[in-house]
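Accompanying notes for the structure given below.
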Amino acid sequence: MYLRPPSASEEALTNDWIKVRQSGIKYYLSLGDQRIVDKNFIIRPKAEFEVGRMTLGGLLALGYNVVVSYKRASSSVSNGNLSLSLETIDTLGETFVVLRGMNRKTVGAEATRMGVNGPWITKSYLEMILQRKGVPRLNTPPLLPNTSMTSNQERVIVAPRPIRTSPNLVNRLEDLSQPWTRSPTKSKMEPIVATWHFISSDTSHGSSVIDSSSFRDNMKIAPMPDSYDLDRGLLLAVQAIQALLENKGPPVIVGIGGPSGSGKTSLAHKMANIVGCEVVSLESYFKSEQVKDFKYDDFSSLDLSLLSKNIGNIRNGRRTKVPMFDLETGARSGFKELEVSEDCGVIIFEGVYALHPEIRKSLDLWIAVVGGVHSHLISRVQRDKSRVGCFMSQNDIMMTVFPIFQQHIEPHLVHAHLKIRNDFDPVLSPESSLFVLKSNKQVASQDILKILDPVKLCSFVQNFIDIYLRLPGLPTNGQLAESDCIRFRICEGRFALLIREPIREGNFIIQPKVDFDISTSTVAGLLNLGYQAVACIEASAYIYQDGKILIEVDHLQDTPSPYLQIKGVNKEAVAAAGSTLKLDGSYTTKSYLQIILERLPAMQRSYSGIHAQQAARLQELVEFIQSQGSSSASESSPGRDAAPLEGVIEDMQARIKRLERWHAINTVLWTFLMSALVGYSLYQRKHQ
Numbered sequence: 005m006y007l008r009p010p011s012a013s014e015e016a017l018t019n020d021w022i023k024v025r026q027s028g029i030k031y032y033l034s035l036g037d038q039r040i041v042d043k044n045f046i047i048r049p050k051a052e053f054e055v056g057r058m059t060l061g062g063l064l065a066l067g068y069n070v071v072v073s074y075k076r077a078s079s080s081v082s083n084g085n086l087s088l089s090l091e092t093i094d095t096l097g098e099t100f101v102v103l104r105g106m107n108r109k110t111v112g113a114e115a116t117r118m119g120v121n122g123p124w125i126t127k128s129y130l131e132m133i134l135q136r137k138g139v140p141r142l143n144t145p146p147l148l149p150n151t152s153m154t155s156n157q158e159r160v161i162v163a164p165r166p167i168r169t170s171p172n173l174v175n176r177l178e179d180l181s182q183p184w185t186r187s188p189t190k191s192k193m194e195p196i197v198a199t200w201h202f203i204s205s206d207t208s209h210g211s212s213v214i215d216s217s218s219f220r221d222n223m224k225i226a227p228m229p230d231s232y233d234l235d236r237g238l239l240l241a242v243q244a245i246q247a248l249l250e251n252k253g254p255p256v257i258v259g260i261g262g263p264s265g266s267g268k269t270s271l272a273h274k275m276a277n278i279v280g281c282e283v284v285s286l287e288s289y290f291k292s293e294q295v296k297d298f299k300y301d302d303f304s305s306l307d308l309s310l311l312s313k314n315i316g317n318i319r320n321g322r323r324t325k326v327p328m329f330d331l332e333t334g335a336r337s338g339f340k341e342l343e344v345s346e347d348c349g350v351i352i353f354e355g356v357y358a359l360h361p362e363i364r365k366s367l368d369l370w371i372a373v374v375g376g377v378h379s380h381l382i383s384r385v386q387r388d389k390s391r392v393g394c395f396m397s398q399n400d401i402m403m404t405v406f407p408i409f410q411q412h413i414e415p416h417l418v419h420a421h422l423k424i425r426n427d428f429d430p431v432l433s434p435e436s437s438l439f440v441l442k443s444n445k446q447v448a449s450q451d452i453l454k455i456l457d458p459v460k461l462c463s464f465v466q467n468f469i470d471i472y473l474r475l476p477g478l479p480t481n482g483q484l485a486e487s488d489c490i491r492f493r494i495c496e497g498r499f500a501l502l503i504r505e506p507i508r509e510g511n512f513i514i515q516p517k518v519d520f521d522i523s524t525s526t527v528a529g530l531l532n533l534g535y536q537a538v539a540c541i542e543a544s545a546y547i548y549q550d551g552k553i554l555i556e557v558d559h560l561q562d563t564p565s566p567y568l569q570i571k572g573v574n575k576e577a578v579a580a581a582g583s584t585l586k587l588d589g590s591y592t593t594k595s596y597l598q599i600i601l602e603r604l605p606a607m608q609r610s611y612s613g614i615h616a617q618q619a620a621r622l623q624e625l626v627e628f629i630q631s632q633g634s635s636s637a638s639e640s641s642p643g644r645d646a647a648p649l650e651g652v653i654e655d656m657q658a659r660i661k662r663l664e665r666w667h668a669i670n671t672v673l674w675t676f677l678m679s680a681l682v683g684y685s686l687y688q689r690k691h692q
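Here's what the structure looks like:
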């Protein structure tokens with residue numbers, strides 16, 4: 005049933021209504037007819053929550069009126085990803101076939117496989133009912149009481165009294181002081197449905213709104229004046245694409261820019277799932293020679309000529325070959341053919357420099373995303389500084405830790421048509437957490453392969469170095485605590501910040517899935533702020549995964565036996581895998597840093613974490629990072645001399661090349677071994 009607010013006018017939109025769904029003894033509440041229609045698809049947010057029966061009674065008591073109600077009888081089957089339903093609506097007297105799913109391409113492919121080609125209905129049941137029966141009119145005002153006044157009855161006219169107003173008159177609900185247990189009320193509510201406008205890019209037309217199709221070539225979308233949260237930004241982005249398709253036609257080329265860790269990739273793939281388009285990362289356009297020098301955040305590391313050629317081909321409706329870049333080897337691995345179909349007509353480019361003037365001039369929609377774990381690191385540094393009695397503003401930290409962003413990325417984001425602030429913090433969200441079981445019990449690789457799906461099995465080797473940075477002066481009890489450190493990882497020639505902050509629950513380590521790439525200038529900036537390298541861990545990891553769980557066998561340097569980690573988003577699946585491998589009773593929730601420190605003599609278990617064997621290695625790594633960071637800074641400011649320590653850089657590059665050669669040989673051998681084991685396992689299963 006749909007409830008209309010008591011203050012609604014005759015022209016009130018259905019979005020202003022409240023939808024109440026009763027299923028059995030349960031009631032569910034949602035706001036109106038919230039949805040997006042894109043071609044044959046209805047995109048509906050999952051914004052329904054359970055309420056009690058008293059809530060419905062309370063709404064009716066407040067003056068809400070039931071304007072439309074219908075009964076839906078549904079029979080459905082589901083395989084986890086898709087559901088097929090036959091739904092009968094009593095008011096319409098018809099039965100409809102409904103196919104639902106979380107992935108647009110999967111829903112479309114299943115409809116094609118079933119041979120259902122339409123005609124598709126994009127109207128909601130509410131729309132169809134209103135179209136047949138019309139919108140119910142508001143209740144007419146009550147009749148006046150039938151008390152006729154006699155002609156000779158005197159009418160007493162009372163003189164009005166003066167109204168005294170208080171200067172602190174409270175006339176809005178949000179002006180009242182509310183306890184923290186109540187839902188916060190926004191003083192300035194953002195509109196539920198925003199409106200995109202188009203302006204002429206031809207200066208001769210000024211900035212007037214263009215409605216005629218004759219000006220399509222000169223039309224561009226007008227920027228939204230405000231910034232929006234991630235959910236509302238996603239809705240507005242999809243609406244902007246629809247407006248561009250309707251007013252300018254395909255293709256629509258979208259660019260999403262912002263700092264590392266802000267949520268660009270997540271937003272791009274959510275949009276692609278709704279619109280049904282492809283996403284191209286600007287990382288695919290890295291130049292091999294620039295990447296080998298760790299210049300990931302340098303604009304010159306992008307192959308602009310190839311990017312411009314690809315965008316030009318897409319604009320003219322031609323097929324184009326988009327590069328594929330292998331971050332492990334630091335080289336281009338080939339090309340893939342890309343064509344924007346007429347059915348979709350949209351392509352999304354996402355990357356740090358997606359809104360650079362040289363790139364955005366070829367795009368139709370500019371979207372900027374800020375916040376996320378990028379802001380989390382700045383807040384973390386500010387917190388550490390305040391703990392040692394030194395206050396630093398976020399702007400000062402930004403200039404030191406993210407100099408490239410401050411100078412070369414942030415100035416371009418202000419020109420975006422849509423500005424999105426990502427307030428979502430994955431560190432504090434249990435939805436993005438991994439459940440981890442860790443054990444040092446020895447398990448044969450054959451036993452690991454038995455519990456994984458052989459069809460989806462993927463295995464590889466990964467070598468990494470974890471470096472822990474700590475700010476001197478932080479309160480300590482004489483032991484080095486991982487929570488006081490910022491950990492970053494050097495892996496496959498890249499630097500990544502690892503934000504863990506785990507929660508320990510029984511045998512489980514619950515940690516957020518937060519790893520995002522950073523540049524050497526960011527690490528060098530942390531060192532310039534006073535952080536010191538206090539420990540490092542070198543390891544080789546043998547990783548097996550099948551899409552449901554990941555099993556990692558870590559061989560730590562100077563540790564006699566490897567450690568096995570089982571990771572997954574499903575706690576029960578992780579526990580079942582551990583039980584199958586007979587690991588019960590051998591779990592530990594200690595971090596690798598704790599394990600290594602406990603192996604040191606008692607004299608060396610200080611808060612610094614450095615011992616004689618690590619000191620020289622850490623010094624080499626720190627000097628290399630500082631030299632790379634200063635090199636990036638000097639290139640961003642022309643006229644400076646090159647950074648010193650060229651001998652250290654050459655030595656480190658030689659070490660990395662030797663490690664890459666060893667890694668390539670190890671990968672080939674490991675792949676051959678895994679193939680043999682999988683083949684033998686399948687052979688045994690077949691004969692059994």
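The working numbering applies: residue 5 is where the sequence shown begins, and numbers increase by one. We put the CB at the ideal spot given by N, CA and C, even for glycine. Computed from a predicted model, the values in this text were never measured in an experiment.
Alpha carbons only, please: which of the options is nearest the one belonging to residue i?
| i | options | result |
| --- | --- | --- |
| Ile469 | Arg493, Leu478, Ala581 and Val527 | Arg493 |
| Thr92 | Thr116, Ser80 and His360 | Ser80 |
| Pro123 | Asn44, Val72 and Arg117 | Asn44 |
| Arg391 | Pro479, Leu381, Ile318 and Arg322 | Pro479 |
| Pro229 | Gly237, Tyr596 and Val350 | Gly237 |
| Arg425 | His380, Ile413, Phe409 and Val373 | Val373 |
| Val767 | Arg108, Ile471 and Lys268 | No answer is possible for residue 767: the residues shown for the chain start at 5 and end at 692. |
| Ile541 | Phe202, Leu417, Asn467 and Gly529 | Asn467 |
| Pro227 | Leu271, His201 and Phe499 | His201 |
| Thr563 | Leu585, Leu604, Pro458 and Gly534 | Leu604 |
| Pro254 | Gly321, His378 and Ala244 | Gly321 |
| Ser128 | Leu306, Leu64, Thr18 and Asp400 | Thr18 |
| Cys394 | Gly349, Gly477, Val527 and Trp370 | Gly477 |
So if DSSP puts residue i in a beta bridge, which residue, or which two residues, is it bridged to?
| i | result |
| --- | --- |
| Met328 | Gly338 |
| Cys462 | Gln549 |
| Phe53 | Leu33 |
| Ser345 | Paired residues: none, contrary to the question. |
| Gln26 | Tyr31 |
| Gln410 | Looking at the DSSP assignment, Gln410 forms no beta bridge with any residue, so it has no partner. |
| His559 | Ser544 |
Assuming residue i contacts residue j under a Cβ cut-off of 8 Å, what Cβ separation, rounded to an integer in Å, is found between them?
| i | j | result |
| --- | --- | --- |
| Lys571 | Leu554 | 5 Å |
| Asp388 | Leu484 | Not quite, the Cβ-Cβ distance comes to about 15 Å (not below 8 Å), so this is no contact. |
| Gly105 | Leu86 | 4 Å |
| Gln515 | Ser443 | At roughly 16 Å, the Cβ-Cβ gap does not stay under 8 Å, so Gln515 and Ser443 are not in contact. |
| Ile455 | Leu473 | Contact doesn't hold; Cβ gap of about 37 Å is too wide. |
| Ile352 | Val344 | Actually they are not in contact, since the Cβ atoms of Ile352 and Val344 sit about 11 Å apart, beyond 8 Å. |
| Gly259 | Arg117 | About 34 Å; that fails the 8 Å criterion. |
| Ile203 | Lys224 | 6 Å |
For residue i and residue j, what's the separation of their Cα atoms in angstroms?
| i | j | result |
| --- | --- | --- |
| Val385 | Glu282 | 37 Å |
| Gly375 | Ser383 | 11 Å |
| His273 | Asp233 | 17 Å |
| Pro327 | Thr99 | 48 Å |
| Gly338 | Ile669 | 21 Å |
| Gln411 | Met403 | 8 Å |
| Gly138 | Met132 | 10 Å |
| Lys423 | Val279 | 20 Å |
| Ser212 | Ser366 | Only weak support exists for where Ser212 lies, its pLDDT of 46 falling under 50; the value from the coordinates is given anyway. So the two alpha carbons sit approximately 23 Å from each other. |
| His209 | Glu362 | In this prediction, His209 scores a pLDDT of 48, lower than 50, which makes its location untrustworthy; no coordinate-derived value is stated. |
| Gly347 | Asn317 | Note that residue 347 is Asp in the sequence shown, not Gly. For Asp347 and Asn317, the distance between alpha carbons rounds to 17 Å. |
| Leu461 | Gln549 | 6 Å |
| Thr671 | Arg25 | 56 Å |
| Gly589 | Glu486 | 25 Å |
| His421 | Glu287 | 23 Å |
| Leu568 | Gln692 | 29 Å |
| Pro263 | Phe409 | 7 Å |
| Lys325 | Leu417 | 28 Å |
| Asp20 | Phe406 | 44 Å |
Counting only beta-carbon separations shorter than 9 Å, does residue i have a partner in chain B?
| i | result |
| --- | --- |
| Gly105 | Absent from the structure is chain B; it holds one protein chain and no more. |
For the ligand NAD, I want to know if residue i counts as a neighbour, meaning its beta carbon is within less than 8 Å of at least one of the ligand's heavy atoms.
| i | result |
| --- | --- |
| Ala537 | The ligand NAD is absent from the structure shown, which contains no ligand whatsoever. |
Going residue by residue through the region 478 to 553, where are the continuous beta strand (DSSP E) segments of at least 3 residues, counting only ones entirely within it? For secondary structure counted as the beta strand (DSSP E) over 3 or more consecutive residues, the region 478 to 553 holds these complete runs in sequence order: 489 to 495, 498 to 503, 507 to 509, 512 to 516, 518 to 522 and 536 to 549.
Contained beta strand (DSSP E) runs [length at least 3] in the region 355 to 388, N- to C-terminal order: Qualifying beta strand (DSSP E) stretches, in chain order: 369 to 375.
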